[in-house]
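Heads up: the structure comes next, in structure tokens.
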Amino acid sequence: PPQGAPDFALSNWRYVHSFGGVPDEGPFPEPIARKTLHAYFACVSYIDSLIGELIAALEATGETDNTIIALWSDHGYQLGDHGMWCKHTNFETSTRIPFILVDPRSHSHDQRSSARVELIDMYPTLAEIAGLEAPANIDGKSLAPLLVNPNAWDNRDTMAFSQFNRAGNQGYSIRTKDFRYTEWRNAKTEKIVAQEFYNHQNDPQENVNVANSPELKNQLHYVQNRLHKQWPLK
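First residue of the sequence shown? That's 51 in my numbering, and the numbers climb one at a time after it.
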């Protein structure tokens with residue numbers, strides 16, 4: 051587990067322990083871990099082949115230029131990362147997802163944007179690409195400008211939010227360009243009971259919690275204030 055992280059930030063991955071052929075508790079022996087990884091990547095390859103069949107069908111019917119293609123997942127997945135499997139955490143491995151979007155009208159393909167985006171952005175994005183007007187009261191913002199120019203937004207200040215509860219505590223997390231900050235609050239009193247702060251400039255795997263680092267005090271304070279705008283303390 052990450053150095054300095056509170057125990058309740060981790061998942062017990064009980065869901066995976068319920069599968070047949072795996073231990074009821076504790077870490078996976080290496081043969082089972084390898085077999086599980088093999089099965090996971092086999093699923094990814096199978097899905098990839100199905101997407102290829104779908105695209106081939108669009109090309110065969112002449113509908114490629116009339117079809118928006120959007121590929122995304124609802125969550126990431128721990129594959130032994132931090133000694134965990136499955137999802138159910140606020141770590142990067144659980145919250146970061148594959149996200150591919152193709153606008154048939156755009157001539158800018160095979161581009162990658164480093165902007166932090168969220169799943170709530172999908173609705174207004176698809177609406178704009180399809181030429182529809184999204185309701186004014188929805189959350190999220192259209193990603194259509196990024197399909198034309200991956201740097202259309204100021205990527206230094208884009209951020210994504212996530213939350214996950216654990217053992218009577220609510221974990222609120224924010225991901226900026228360089229940092230992830232997770233704040234754990236007592237679900238009843240709203241008192242802050244723990245903080246996690248990971249420096250993605252030199253620790254992209256989130257192995258060391260630097261919330262108590264004097265050198266990063268100002269950065270933590272800035273990111274915490276941005277999180278409090280999203281989820282104010284009561």
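Backbone N, C-alpha and C fix where the C-beta goes; we use that ideal spot for every residue, glycine too.
Given a cut-off of 8 angstroms on the beta-carbon distance, is the pair Thr117 and Pro154 in contact? Within the sequence shown, the letter at position 67 stands for residue 117. Within the sequence shown, the letter at position 104 stands for residue 154. The answer is yes: Cβ separation under 8 angstroms.
Cβ-based burial, Arg216 [other Cβ within 10 Å; buried from 16]: In the sequence shown, the residue the question calls residue 216 occupies position 166. With 16 or more Cβ atoms within 10 Å of its Cβ, Arg216 is classed as buried.
What separation, rounded to the nearest whole angstrom, lies between the Cα atoms of Ala110 and Phe247? Translated into positions along the sequence shown, residue 110 becomes position 60. Translated into positions along the sequence shown, residue 247 becomes position 197. C-alpha separation (whole angstroms): 50 angstroms.
Taking all protein chains shown into account, do 16 or more other C-beta atoms lie within 10 angstroms of the C-beta of Lys279, making it buried, or fewer, making it exposed? If you number the sequence shown from 1, residue 279 lands on position 229. With fewer than 16 other Cβ atoms within 10 Å, it is exposed.
How far does the beta strand (DSSP E) with Ile224 in it extend, from its first residue to its last? The residue you call residue 224 lines up with position 174 of the sequence shown. Residues 219 to 225.
For Phe247, the three-state DSSP class (helix, strand or coil): Taking the first residue of the sequence shown as position 1, residue 247 is located at position 197. Phe247 falls in the strand class under three-state DSSP.
Exposed or buried, Gln101, counting other C-beta atoms within 10 Å across all chains shown (16 or more means buried)? Within the sequence shown, numbered from 1, the residue matching residue 101 stands at position 51. Sequence inspection shows Ile at residue 101; the Gln mentioned does not correspond to that position. Exposed, because fewer than 16 other Cβ atoms sit within 10 Å of the Cβ of Ile101.
Option in Ala83, Phe58, Tyr96 with minimal Cα separation from Val66: Here the question's residue 66 lines up with position 16 in the sequence shown. Considering only alpha carbons, the answer is Ala83.
What whole-angstrom Cβ distance do His125 and Ser144 have, given they're in contact under 8 angstroms? Position 75 of the sequence shown holds residue 125. Position 94 of the sequence shown holds residue 144. Yes, they are in contact, since the Cβ atoms of His125 and Ser144 sit about 6 angstroms apart, within 8 angstroms.
Can you pull the DSSP bridge partners for Cys93? In the sequence shown, residue 93 corresponds to position 43, counting from 1. In DSSP, Cys93 forms no bridge with anything.
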